[in-house]
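Student:
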Amino acid sequence: MKYKSIHIKIVLALGSCFLSLFVNAQQLETLIDEALENNPEIQKFELQYKRVSEKVNEVNTIPNTEFGVGYFVSEPETRTGAQRFKVSAKQMLPWFGTITSREDYVTALADAKYEDIVITKRKLMASVSQSYYKLYANQAKKQILSDNIKLLETYETMALTSVEVGKASAVDVLRLQMRQNDLQQLKDVLQQQFLAEQTNFNNLLNRKNDVVVTVVDSLTIPIEDFEINTENLSIHPELVKFDKLYQSVEKSELLNQKESSPMIGFGLDYINVSERPDMNFSDNGKDIVMPMVSVSIPIFNKKYKSISKQNELEQQEINYQKQERLNNLKTVLDKAINDRISARISNNTATKNLKQAKDAEQILIKSYETGTIDFNDVLDIQELQLKFQMNQIESIKTYYVQSVIINYLIQ
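For the sequence shown, the positions run -25 to -1, 1 to 386 when mature numbering (1 follows the signal peptide of the UniProt record, and there is no 0) is used.
1) Buried or exposed for Pro69, going by 16 or more other Cβ atoms inside 10 Å?
2) Tell me the start and end of each unbroken beta strand (DSSP E) in the region 49 to 88 that is at least 3 residues and wholly inside, in chain order.
3) Ile356 lies in the alpha helix (DSSP H); which residues open and close that run?
4) Please determine, among Asn259, Glu50 and Gln357, the residue with the shortest C-alpha to C-alpha distance to Glu336.
5) State buried or exposed for Val268, treating a residue as buried only when at least 16 other CB atoms are found within 10 Å of its CB.
6) Could you check how far apart the C-beta atoms of Asn113 and Gln168 are, in whole angstroms? I think they sit under 8 Å.
7) Our contact map puts Asp86 next to Lys261 with C-beta atoms below 8 Å; I'd like the distance itself, whole angstroms only.
8) Does the separation of the CB atoms of Asn259 and Thr55 fall below 8 Å?
9) Is the CB-CB distance between Ala83 and Gln222 below 8 Å?
10) Okay, do the region 278 to 285 and the region 64 to 79 touch, 3+ Cβ pairs below 8 Å being the bar?
11) Based on the DSSP secondary-structure assignment, which residues constitute the bridge partners of Ser269?
12) Per DSSP, Phe42 forms a beta bridge with which residues?
13) Is the region 104 to 113 touching the region 42 to 49 in the sense that three or more CB pairs, one from each, lie closer than 8 Å?
14) If I'm right that residue 401 touches Ser257 with Cβ under 8 Å, what's the distance once you round it to whole angstroms?
15) To the nearest angstrom, how far is the alpha carbon of Phe42 from that of Phe71?
16) For Leu(-5), does the three-state DSSP call read helix, strand or coil?
17) CB Lys88 to CB Lys117, shorter than 8 Å?
18) How big is the Cα-Cα spacing for Ile274 and Asp79?
19) Can you tell me where the alpha helix (DSSP H) holding Arg182 begins and where it ends?
20) Among residues of its own chain, excluding the 5 on either side of Thr95, which ones have a beta-carbon nearer than 7 Å to its beta-carbon?
21) Would a C-beta distance cut-off of 8 Å place Ile348 and Ser144 closer than the cut-off?
22) Identify the residues that DSSP records as bridge partners of Asn247: which are they?
23) If Asp314 sits next to Gln377, beta carbons under 8 Å apart, how far is it from one beta carbon to the other, in whole angstroms?
24) Taking Asp157 as the reference, which of Lys183, Gln367 and Ser121 has the closest Cα?
25) With Gln23 as the anchor, note down where its alpha helix (DSSP H) starts and where it stops.
26) What is the C-beta distance between Leu149 and Tyr130, in whole angstroms, given that I count them as a contact (C-beta under 8 Å)?
27) Which residues in the same chain as Pro51 place their Cβ atom closer than 6 Å to its Cβ, once the five residues preceding and following it in sequence are excluded?
28) Taking the DSSP output, what are the residues bridged to Ile263?
29) In or out: Thr373 buried (at least 16 other Cβ within 10 Å) or exposed?
30) Give the straight-line distance between the Cα atoms of Pro212 and Ile92, rounded to the nearest whole angstrom.
Encoded structure:
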């Protein structure tokens, strides 16, 4: 199966960058295999491909054989006797090579339809991967919120202690509690978003919506990006399909030329003759057998010239469609590459900011030990730290999502 080998190639390309990180979690490759096996859209296109391929047997036929029977109500008299009834058979045959041209045309259509399977598989693999990384980002953000809520609880305990010794006010405690409530709200909202994305993920795999999806605990951006060969874009299945469609039009034109040729017919007439009772000669009552040859020529038919013109226009249209799609794919690829670079920059910045925020946090902790802590500063630092953590997770998700797009386009 051609599409199986293509699938393995893409999975390995993805796996070289991503799947090595998936320890103690559902393997993305396994999930992709499950989606490819169960997804109804792929099954739909596979059936369409089989149906179009079956048409080869449909066109491998010749016109129906014609049979006729006639009875003379008024029997015409001939020298050898009266004609009683007539039986005829006739078979028209297409011009040499016409049936082969039909088979070639249908095969070309099937080849074009096959590309729909390859395209759908690629898109499904990309959709499953992107959904997986969205689930990861959601889960990671929820964990960050949980960690920050615990941190705020620690700060709340410190504030309560400070209130007891008169170095903080109850307002500081309430502000810390309100901040915890805000983070809990964000966490609850993320949980609902996770369930919605999990439903989308399970639907891609054609399984029950409530199946729990386990994602990796952590992801990091690789030190180096995988090599991008933009030349592979020109052989992308979405573009190959246009080539196959162009070839099918070529086959259609060859078939049109064959069908514009004459058709040859062969037939046989048999006429039953009665004997003449009043005469005696050697051919008395001899039946008539008449072989026939006929030719069907489309002399006044403009149909085939019109089809040739339509085929020419369709080929031009396909060329323009292919160029348009190529331009769109180039735009998508360039955007994905730049967005991935931006994600790496954002991740590096977030990492630096997080380190500085941790340093500021340590300074605040030491201030608490000396009894001079300002809980307004605590909230400001915590808010900044949360922002940087969220930005880091978002940049990691963006990096992998854009990598999936790049793989879809060039692998």
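All residues carry an ideal CB built from backbone N, CA and C; glycine is no exception.
Tutor: To lay it out plainly:
1) Indexing the sequence shown from 1 puts residue 69 at position 94. Classification of Pro69: buried, given that the 10 Å Cβ count is 16 or more.
2) 56 to 68
3) Translated into positions along the sequence shown, residue 356 becomes position 381. Start and end: Phe350 to Ile385.
4) Residue mapping note: residue 336 aligns to position 361 of the sequence shown, counting from 1. For the residues Asn259, Glu50 and Gln357, the minimum Cα distance to Glu336 belongs to Gln357.
5) Sequence index remark: in the sequence shown, residue 268 carries index 293 (1-based). Under this definition Val268 is an exposed residue.
6) Position 138 of the sequence shown holds residue 113. Position 193 of the sequence shown holds residue 168. Between Gln168 and Asn113 the Cβ distance is about 6 Å, and since that is below 8 Å, they are a contact.
7) Mapped onto the sequence shown, residue 86 falls at position 111. Mapped onto the sequence shown, residue 261 falls at position 286. No, Asp86 and Lys261 are not in contact; Cβ-Cβ is about 58 Å, not under 8 Å.
8) Stepping through the sequence shown from its first residue, residue 259 is reached at position 284. Stepping through the sequence shown from its first residue, residue 55 is reached at position 80. Yes, these two residues count as a Cβ contact at 8 Å.
9) Looking up residue 83 in the sequence shown gives position 108. Looking up residue 222 in the sequence shown gives position 247. The answer is yes: Cβ separation under 8 Å.
10) no
11) Against the sequence shown, residue 269 aligns to sequence position 294. DSSP lists Gly240 as partners of Ser269.
12) Counted from its first residue, the sequence shown places residue 42 at position 67. For Phe42, DSSP records a beta bridge to Ala64.
13) no
14) Any question about residue 401 goes unanswered here, given that the chain covers just -25 to 386.
15) The sequence position of residue 42 within the sequence shown is 67, counting from 1. The sequence position of residue 71 within the sequence shown is 96, counting from 1. Roughly 24 Å separates the two Cα atoms.
16) In the sequence shown, residue -5 corresponds to position 21, counting from 1. Because Leu(-5) carries a pLDDT of 46, less than 50, the predicted location of this residue cannot be relied on, and the following value inherits that uncertainty. Note: Leu(-5) maps to helix in three-state DSSP.
17) One-based indexing of the sequence shown puts residue 88 at position 113. One-based indexing of the sequence shown puts residue 117 at position 142. Taking 8 Å as the cut-off, the beta carbon of Lys88 is found no closer than this to the beta carbon of Lys117.
18) In the sequence shown, counting from the first residue as 1, residue 274 sits at position 299. In the sequence shown, counting from the first residue as 1, residue 79 sits at position 104. So the two alpha carbons sit approximately 26 Å from each other.
19) Against the sequence shown, residue 182 aligns to sequence position 207. Element bounds for Arg182: n/a, residue is neither H nor E.
20) As a first step, residue 95 must be located in the sequence shown, where it is residue number 120. The answer, listed in chain order, is Glu16, Ile17 and Phe20.
21) Indexing the sequence shown from 1 puts residue 348 at position 373. Indexing the sequence shown from 1 puts residue 144 at position 169. The answer is no: Cβ separation not under 8 Å.
22) Position 272 of the sequence shown, counting from 1, holds the residue named residue 247. In DSSP, Asn247 forms a bridge with Phe60.
23) On the sequence shown, position 339 is the one that residue 314 refers to. On the sequence shown, position 402 is the one that residue 377 refers to. About 5 Å; that satisfies the 8 Å criterion.
24) Here residue 157 is taken as the residue at index 182 of the sequence shown, counted from 1. Measuring from the Cα of Asp157, the nearest candidate turns out to be Ser121.
25) Within the sequence shown, numbered from 1, the residue matching residue 23 stands at position 48. According to the DSSP assignment, Gln23 belongs to the alpha helix (DSSP H) that extends over Pro15 to Val34.
26) Position 174 of the sequence shown, counted from the first residue, corresponds to residue 149. Position 155 of the sequence shown, counted from the first residue, corresponds to residue 130. Tyr130 and Leu149 do not touch by the CB rule: their CB atoms are close to 13 Å apart, not below 8 Å.
27) To locate residue 51, count along the sequence shown from 1; it is residue 76. Contacts found: Gln58.
28) As a first step, residue 263 is located in the sequence shown; it is residue number 288 there, counting from the start. In the DSSP output, where bridge partners are listed per residue, Ile263 has Ile246.
29) One-based indexing of the sequence shown puts residue 373 at position 398. That one is buried.
30) Walking along the sequence shown from the start, residue 212 turns up at place 237. Walking along the sequence shown from the start, residue 92 turns up at place 117. Their Cα atoms are separated by approximately 10 Å.
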